[in-house]
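Here is the structure we will look at.
Structure below.
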């Protein structure tokens, strides 16, 4: 009984997803059929294990065994081809006094069955119906009954009748033949509710015919509409063409004006940078951030350019030569940039127009790197502040 409960729980967990594929056309249920679906079943089963096969097939009192509560669960996938693959778990109880394997049962005994079957929808042969689905099938399984375990090969016949697209009833009878002579063969009947989910549809033959008629009617209506609207469309196209030409001409003129403005500004910025670059760099003595007379003269000329171009913003970048430690040179270059900026501020330049950065011994202008012998003039070429236009 515990194994049966676990099996039911597992099958139910597999059925959580119940999304349904939508069919765009047709608009009525008669125009479409279900081609693929999952199906969950839940109901009752009756077992006849008397051992006499089909003799006294309907001896309910002496041969049929059942329990008064739901005792069967199934989960299956059914395909467009008409084939279906189904997994079934059943529980029953052989009652005292019933005929089991040809003898009268002397005590209640559990029945447990796990079966897999492959079925075929007979409607694929006789034609689809809206409510009645007969089927046949074969399969195999495992049964533990009358204190005997056995593997079986099975045959089934049954039908489903539908109340709606999703809900229906399932009735079937299965013959189960035991491999070997461990136990007698038996028959199992089943009845229960079935629910379809994860449905996929296709258009039925009736739907295809209706869709063809509908499309022909729509095409005729479209031809009538086209004959009326063709002149209006031509007029609208002509107006749209004229409007588009006007917009394109206006856009081209605006683009030309904007390009000329940008070219003028770029040319002005280039000339400003050339004028500032032509002043040269501000150079410093070894281990010094003080400005000499020559450096101040350059900065005086630079301040005049900045006064004449009030919207120009400047970046001051200062460097050292390669001598000294990296940390020291970084600090010294920042001091040189600050001294350079401070001089320009004293000349009346708004500090908001100036930015500084110290790059130490990075970006040497010559080969005078660490460990390379150079003249003092060659080292001096690296001790500099230089200027770049950042905005204008």
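Numbering (our numbering), first residue to last: 2 to 393. Beta carbons: idealized from backbone N, C-alpha and C, even for Gly.
Q: Starting from the C-beta of residue 288, find all residues in its chain whose C-beta is less than 8 Å away, skip the five residues before and the five after it, and write them out in chain order.
A: Hits under 8 Å: 325, 333.
Q.
Are the CB atoms of residue 142 and residue 156 within a distance shorter than 9 Å?
A. In this structure, the beta-carbon distance from residue 156 to residue 142 does not fall below 9 Å.
Q.
Considering Cα atoms alone, identify which of 367, 342, 145 is closest to residue 93.
A. When only C-alpha atoms are compared, the closest one is 145.
Q: Excluding the 5 residues preceding and the 5 following residue 101 in the sequence, name in chain order all residues of the same chain whose CB lies nearer than 6 Å to its CB.
A: Hits under 6 Å: 50, 95, 147.
(Q) Tell me the rounded alpha-carbon separation between residue 81 and residue 241. (A) The C-alpha of residue 81 lies about 51 Å from the C-alpha of residue 241.
Q | residue 178 versus residue 139 - alpha carbon distance | A | Near 11 Å, if we compare the C-alpha coordinates of residue 139 and residue 178.
Q. Quick one: is residue 316 near chain B, going by C-beta distance under 9 Å?
A. In the displayed structure, chain B is absent; only one protein chain is listed.
Q: For residue 385, I'd like the list of residues in its chain whose CB is within less than 6 Å of its CB, leaving aside the five on either flank, ordered along the chain.
A: Same-chain partners within the cutoff: 282, 284, 320.
Q | Other residues of its chain near residue 52: CB distance less than 7 Å, five sequence neighbours each side excluded | A | Excluding positions up to five away in sequence, the list reads 102, 103, 185.
(Q) Restricting to runs no shorter than 4 residues, where is the alpha helix (DSSP H) found entirely within the region 117-177? (A) Runs of the alpha helix (DSSP H) lying entirely within the region 117-177, each at least 4 residues long, are 124-127 in chain order.
Q.
Which residue marks the beginning of the beta strand (DSSP E) containing residue 294, and which one marks its end?
A. Note, residue 294: premise wrong, no beta strand (DSSP E); alpha helix (DSSP H) at 294-309.
Q: Spatial neighbours of residue 378 within its chain, please: CB distance less than 6 Å, with the 5 preceding and 5 following residues excluded, ordered by chain position.
A: If we look at residue 378 and ignore the five residues flanking it on each side, it has no Cβ neighbours.
Q) Going by other Cβ atoms of all chains shown within 10 Å of its Cβ, with 16 needed for buried, is residue 149 buried or exposed? A) Counting Cβ neighbours within 10 Å, residue 149 comes out exposed, since fewer than 16 surround it.
Q. Leaving out five residues before and five after residue 370 in sequence, what residues of the same chain have Cβ atoms less than 7 Å from its Cβ?
A. Contacts found: 323.
Q) Residue range of the alpha helix (DSSP H) that residue 347 falls in? A) First-last of the alpha helix (DSSP H) with residue 347: 327-347.
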